[in-house]
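**Student:** Okay, so the sequence shown: first residue is 1 according to UniProt numbering, each after it adds one.
Beta carbons: idealized from backbone N, C-alpha and C, even for Gly.
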Amino acid sequence: MSAVVTTKRPAWMGWALVALAFAMAAAVDLRLVLVLAIWVGGWIVNGLIAQRSAWNWGGYVIPLIFGITLLAMWEVGERMFEISDVLLPAPSEIAARFWLSRDILWVDFVQTVLKGALSGFVLGCGSAFVLAVVIDRFPFLQLGLLPVGNFVAALPIVGMAPILVMWFGFDWQSKAAVVVVMVFFPMLVNTVQGLQSTDAMQRDLMRTYASSYWQTLLKLRLPAAMPFIFNGLKIASTLALIGAIVAEFFGSPIRGMGFRISTSVGQLALDLVWAEIVVAAIAGSAFYGGIALLERVVTFWHPSQRGRT
Numbered sequence: 001m002s003a004v005v006t007t008k009r010p011a012w013m014g015w016a017l018v019a020l021a022f023a024m025a026a027a028v029d030l031r032l033v034l035v036l037a038i039w040v041g042g043w044i045v046n047g048l049i050a051q052r053s054a055w056n057w058g059g060y061v062i063p064l065i066f067g068i069t070l071l072a073m074w075e076v077g078e079r080m081f082e083i084s085d086v087l088l089p090a091p092s093e094i095a096a097r098f099w100l101s102r103d104i105l106w107v108d109f110v111q112t113v114l115k116g117a118l119s120g121f122v123l124g125c126g127s128a129f130v131l132a133v134v135i136d137r138f139p140f141l142q143l144g145l146l147p148v149g150n151f152v153a154a155l156p157i158v159g160m161a162p163i164l165v166m167w168f169g170f171d172w173q174s175k176a177a178v179v180v181v182m183v184f185f186p187m188l189v190n191t192v193q194g195l196q197s198t199d200a201m202q203r204d205l206m207r208t209y210a211s212s213y214w215q216t217l218l219k220l221r222l223p224a225a226m227p228f229i230f231n232g233l234k235i236a237s238t239l240a241l242i243g244a245i246v247a248e249f250f251g252s253p254i255r256g257m258g259f260r261i262s263t264s265v266g267q268l269a270l271d272l273v274w275a276e277i278v279v280a281a282i283a284g285s286a287f288y289g290g291i292a293l294l295e296r297v298v299t300f301w302h303p304s305q306r307g308r309t
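What follows is the structure, encoded as structure tokens:
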């Protein structure tokens, strides 16, 4: 039995690289030294937390410190280098605009996320799931429907959105239609693949128990397909928000995140644009995280979920 030899890099090498980085920053611009110092400070704190493996909350604190470090570098860099607010407003300015425009942001959130993205997500994923079960029950449909779905999925959103806006009007219904088109095919493909993931021995065992197709579907094939289904849901959750926002660029009432971003860019109100981006990021992360949490509860038995806390 051969022994595995591991080598550990001496600590002084890391500090030598840090010193070299500081020297190069000072040679270019002294203002870069302070920005780099913030990064090094966050790196040291995260390194100390990572060494304490007994801290179960380290997995939550390390990303938080990393984000705070990036924001601090952004704030200090914007102030020290006097970057124009039109090009890049500081995080403090974005936060101030976020607070002052919270009523507008809430109206846009309801219009884009709750009405457009969420309704389209439910309709698109729900119809894709039903069609996947039909395709699984009648396999000959797979030869005709999947190529059509692949063709629709390949259509550019910037080409489909104006057409759907003309068909369904300028309100949230047309945005939901765009979302349905975007999320339908990824959900369909993942569900069909998941329903076919069981092997022949498992299906033969169900037949020896005289199980019908629907009993086999509910007790074997559908549980086995859950990791694939949740993978499709997670992909669709990101596409839904993107589709709803992009669709609003091609026609919208005087509310909505896409409408606000397009008009604010024309008015050079970049702080409001960034505030809308923050809302979209929070909503998208919460949506994706909620599906991931539900996946952990439903598919706790799957190897991908084992060992997670």
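#1: Name the residue from W39, P91, E78, S197 whose alpha carbon lies nearest to the alpha carbon of F66.
#2: Beta carbon of G256, beta carbon of I157: below 8 Å?
#3: Taking buried to mean at least 16 other C-beta atoms within 10 Å of its own C-beta, is M187 buried or exposed?
#4: Using the three-state DSSP reduction, which class does A90 fall into: helix, strand or coil?
#5: Mark R79 as exposed unless 16 or more other C-beta atoms lie within 10 angstroms of its C-beta, in which case mark it buried.
#6: Whole angstroms is fine: what's the gap from I229's alpha carbon to G194's?
#7: Using only the alpha-carbon positions, how far apart do V76 and V35 sit?
#8: Helix, strand or coil for P186 per DSSP?
#9: Could you check the C-alpha separation between N46 and R31 for me, to the nearest Å?
#10: Between S262, L239, L272, F300, which lies nearest to Y288 when the distance is taken from Cα to Cα?
#11: In chain order, what residues of the same chain lie with their CB nearer than 6 Å to the CB of W301, ignoring the 5 residues before and after it?
#12: Would you tell me roughly how many angstroms separate the C-alpha atoms of K175 and F138, rounded to the nearest one?
#13: Using C-beta distances below 7 Å, list every residue in its chain close to T191, excluding the 5 sequence neighbours before and after it, in chain order.
#14: Looking at the secondary structure, which residues open and close the alpha helix (DSSP H) in which Q267 lies?
#15: What number of angstroms, rounded off, separates the C-alpha of S101 from the C-alpha of I254?
#16: Drop a sphere of 10 angstroms on the beta-carbon of Q111, count the other beta-carbons inside from all chains shown, and report buried for 16 or more, exposed for fewer.
#17: What do you get for T6, buried or exposed, if any count of 16 or more other CB atoms within 10 angstroms of its CB means buried?
#18: What are the complete alpha helix (DSSP H) segments, minimum 4 residues, inside the segment 123-174?
#19: For L293, collect the residues of the same chain with a Cβ closer than 6 Å to its Cβ; drop the 5 residues on either side in sequence, then sort them by chain order.
#20: Could you tell me the alpha carbon to alpha carbon distance between F140 and L218, rounded to whole angstroms?
#21: Do the segment 81-98 and the segment 262-272 touch if we need at least three Cβ pairs shorter than 8 Å?
#22: Helix, strand or coil, according to DSSP, for I83 in the structure here?
#23: Excluding the 5 residues flanking L146 on each side, which residues of the same chain have their C-beta closer than 8 Å to its C-beta?
#24: Whose C-beta lies closer than 6 Å to the C-beta of F168 among residues of the same chain, with five residues either side of it excluded?
#25: Could you tell me the distance, in whole angstroms, from the CA atom of P91 to the CA atom of I261?
**Tutor:** From the atom records:
#1: To locate residue 66, count along the sequence shown from 1; it is residue 66. Nearest to F66 by C-alpha distance, out of W39, P91, E78, S197, is W39.
#2: One-based indexing of the sequence shown puts residue 256 at position 256. One-based indexing of the sequence shown puts residue 157 at position 157. No, Cβ-Cβ distance for G256 and I157 is not below 8 Å.
#3: Looking up residue 187 in the sequence shown gives position 187. Looking at its Cβ environment, which holds 16 or more other Cβ atoms inside 10 Å, M187 is buried.
#4: Within the sequence shown, residue 90 is the residue found at index 90, counting from 1. Three-state DSSP puts A90 in coil, outside helix and strand.
#5: Residue mapping note: residue 79 aligns to position 79 of the sequence shown, counting from 1. Label assigned to R79: exposed.
#6: On the sequence shown, position 229 is the one that residue 229 refers to. On the sequence shown, position 194 is the one that residue 194 refers to. Using only the alpha carbons, I get a separation of about 7 Å.
#7: Counted from its first residue, the sequence shown places residue 76 at position 76. Counted from its first residue, the sequence shown places residue 35 at position 35. For V76 and V35, the distance between alpha carbons rounds to 7 Å.
#8: The residue labelled residue 186 in the question sits at position 186 within the sequence shown. Helix at P186.
#9: Residue numbering aside, residue 46 sits at position 46 when the sequence shown is read from its first letter. Residue numbering aside, residue 31 sits at position 31 when the sequence shown is read from its first letter. Distance between the alpha carbons of N46 and R31 is about 24 Å.
#10: In the sequence shown, the residue the question calls residue 288 occupies position 288. It is L239.
#11: The count along the sequence shown starts at 1 and reaches residue 301 at position 301. If we look at W301 and ignore the five residues flanking it on each side, it has no Cβ neighbours.
#12: Taking the first residue of the sequence shown as position 1, residue 175 is located at position 175. Taking the first residue of the sequence shown as position 1, residue 138 is located at position 138. Their Cα atoms are separated by approximately 32 Å.
#13: To locate residue 191, count along the sequence shown from 1; it is residue 191. The beta carbon of T191 lies closer than 7 Å to those of A128, F129, A132, A225, F228, I229, G232 in the same chain, with the five residues before and after it left out.
#14: Counted from its first residue, the sequence shown places residue 267 at position 267. Counted as a single uninterrupted DSSP element, the stretch harbouring Q267 is not any alpha helix (DSSP H), since DSSP gives it neither H nor E.
#15: Reading the sequence shown from its first residue, position 101 is the one you call residue 101. Reading the sequence shown from its first residue, position 254 is the one you call residue 254. Their Cα atoms are separated by approximately 15 Å.
#16: Indexing the sequence shown from 1 puts residue 111 at position 111. Around the CB of Q111, 16 or more other CB atoms lie within 10 Å, so the residue is classed as buried.
#17: Stepping through the sequence shown from its first residue, residue 6 is reached at position 6. Bear in mind that a pLDDT of 46 at T6, under 50, signals an unreliable position, so the model cannot answer this.
#18: As far as the segment 123-174 is concerned, its whole alpha helix (DSSP H) runs of at least 4 residues are 140-153, 157-168.
#19: Sequence index remark: in the sequence shown, residue 293 carries index 293 (1-based). Around L293: no qualifying Cβ.
#20: To locate residue 140, count along the sequence shown from 1; it is residue 140. To locate residue 218, count along the sequence shown from 1; it is residue 218. Cα to Cα, the separation comes out at about 21 Å.
#21: With a cut-off of 8 Å, the segment 262-272 and the segment 81-98 count as touching, because enough Cβ pairs lie within range.
#22: Stepping through the sequence shown from its first residue, residue 83 is reached at position 83. Shown here, I83 sits in coil according to DSSP, grouped into three states, outside any helix or strand.
#23: For the purposes of this step, residue 146 is taken as residue 146 along the sequence shown, with counting starting at 1. So the list reads I135, L188, V189, V192, once near-sequence residues are dropped.
#24: The count along the sequence shown starts at 1 and reaches residue 168 at position 168. In the same chain as F168, and ignoring 5 residues on each side of it, the C-beta atoms closer than 6 Å to its own belong to S174, A177, in chain order.
#25: By 1-based counting over the sequence shown, the position of residue 91 is 91. By 1-based counting over the sequence shown, the position of residue 261 is 261. The straight-line gap from Cα to Cα measures roughly 17 Å.
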